[in-house]
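Single-structure report; data block below.
In our numbering, the protein residues as written are 4 to 299.
Below, the structure is given as structure tokens:
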């Protein structure tokens, strides 16, 4: 494991795509092995976790990470992208929100429900991204997806705008919640602002702007911004292995986990060397016996 194998949490600025951020961080860190753990729309700001070096192999374990958002919904018209970056869909109306009516409408967006993703999204249709088809004026019909919203709190109402805080499962679109709220109230709505406060185990307290990251790199302090691979996935128990076992794991051999040190019900564990470096992620094949599914 190298020093630059791990995660960097970026506080993304508005106007940047997730791909733009990845390209910039590749230059700052000096490696092409950089990937993001879930996109963030250009109008959105906040937590964008990136994986660096061999830690890119851990991305598969973050596909359904929970997210926490602070967003502003503007009522009065819908847009074709479900956010303010899109073109108005229908006439604009002047709206003054009734907080009690809005609170009642929010109720159906709490808990588990089927959500239709926005037509301009990263969802794939016949192997192509929905946003690519939308740009070419191809009508896109996306199937509803089961999502779970654990918290949806109305923070404030100001005229035609409502500020919401949401804690939701991975794959939930705040743009769709905004659009569907507008339909529920019969006046149209779109997402006007969005800030991601947390993505999985990563939050704003760990996040650096790109300017801050460049400054750290210039001072040769880049490691200050990197979450080491062995600190990632804190929900997976750690199993400490000696050098002989570590070599066997790297050769694809199963490895034991002490029932006294690791919950036997855990599907995955982290095999960590005596030096504290992540060797592999193991998946349970028998009680207290794990097979290395990702080797670093």
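Positions of the beta carbon are idealized from the N, C-alpha and C atoms, including for glycine.
Fair warning: this is a prediction, and the values are worked out from it, not measured in the lab.
Boundaries (first-last residue) of the alpha helix (DSSP H) holding residue i
| i | result |
| --- | --- |
| residue 31 | 21–32 |
| residue 48 | Counting along the chain, residue 48 falls outside any alpha helix (DSSP H), though it belongs to the beta strand (DSSP E) covering 48–55. |
| residue 67 | Segment: none, residue 67 is in no alpha helix (DSSP H) and carries neither H nor E. |
| residue 1 | No answer is possible for residue 1: the residues shown for the chain start at 4 and end at 299. |
| residue 179 | 177–188 |
| residue 300 | Because the chain spans 4 through 299 in this model, residue 300 falls outside it and cannot be assessed. |
| residue 208 | Residue 208 -> no alpha helix (DSSP H), and no H or E assigned at all. |
| residue 108 | 102–109 |
When the options are compared against residue i, the one with the closest alpha-carbon
| i | options | result |
| --- | --- | --- |
| residue 110 | 45, 157 and 89 | 157 |
| residue 118 | 93, 159 and 175 | 175 |
| residue 79 | 94, 86 and 257 | 94 |
| residue 288 | 54, 248 and 270 | 270 |
| residue 238 | 207, 273, 278 and 30 | 273 |
| residue 165 | 20, 76 and 246 | 76 |
| residue 19 | 44, 12, 30 and 36 | 44 |
| residue 27 | 226, 46 and 220 | 220 |
| residue 46 | 146, 178, 275 and 81 | 178 |
| residue 103 | 58, 188, 146 and 123 | 188 |
| residue 147 | 153, 171 and 120 | 120 |
| residue 161 | 105, 292 and 37 | 105 |
| residue 236 | 36, 224, 22 and 63 | 63 |
| residue 108 | 293, 251 and 186 | 186 |
Classification of residue i by the beta-carbon crowding that lies within 10 angstroms, buried from 16 upward
| i | result |
| --- | --- |
| residue 295 | buried |
| residue 15 | buried |
| residue 311 | Lying outside 4 to 299, the shown extent of the chain, residue 311 is not represented and no answer is given. |
| residue 181 | buried |
| residue 218 | exposed |
| residue 129 | Confidence at residue 129 is low in this model, with a pLDDT of 48, below 50, so its placement is unreliable and the value that follows should be read with caution. So residue 129 ends up on the exposed side. |
| residue 133 | Residue confidence is low: residue 133 scores 47 on pLDDT, short of 50, so the model does not pin down where it sits. Its coordinate-derived value is still stated next. Buried. |
Extent of the continuous beta strand (DSSP E) run through residue i
| i | result |
| --- | --- |
| residue 197 | 192–202 |
| residue 250 | Run containing residue 250: none in the beta strand (DSSP E); it sits in the alpha helix (DSSP H), 246–253. |
| residue 231 | 229–231 |
| residue 218 | Per DSSP, residue 218 belongs to no beta strand (DSSP E); it is in the alpha helix (DSSP H), 213–221. |
| residue 274 | 271–276 |
| residue 225 | Segment: none, residue 225 is in no beta strand (DSSP E) and carries neither H nor E. |
| residue 9 | 9–15 |
| residue 286 | 281–289 |
| residue 293 | 292–298 |
| residue 37 | 37–39 |
Other residues of its chain near residue i: CB distance less than 7 Å, five sequence neighbours each side excluded
| i | result |
| --- | --- |
| residue 202 | 40, 41, 50, 52, 68 and 70 |
| residue 297 | 60, 61, 283 and 284 |
| residue 7 | 32, 34, 55, 56 and 229 |
| residue 255 | 295 |
Residue j beta carbon less than 8 Å from that of residue i
| i | j | result |
| --- | --- | --- |
| residue 74 | residue 167 | yes |
| residue 85 | residue 184 | no |
| residue 291 | residue 260 | yes |
| residue 113 | residue 152 | yes |
| residue 205 | residue 10 | yes |
| residue 13 | residue 214 | no |
| residue 169 | residue 154 | yes |
| residue 275 | residue 247 | no |
| residue 212 | residue 163 | no |
| residue 197 | residue 293 | no |
Own chain partners of residue i with C-beta closer than 6 Å, once the 5 adjacent residues on each side are dropped
| i | result |
| --- | --- |
| residue 65 | 40 and 203 |
| residue 29 | 35 and 37 |
| residue 225 | 219 |
Cutoff 8 Å; reference residue i; Cβ partners in own chain excluding five residues on either side
| i | result |
| --- | --- |
| residue 92 | 80, 81, 82, 83 and 191 |
| residue 17 | 45, 46, 47 and 48 |
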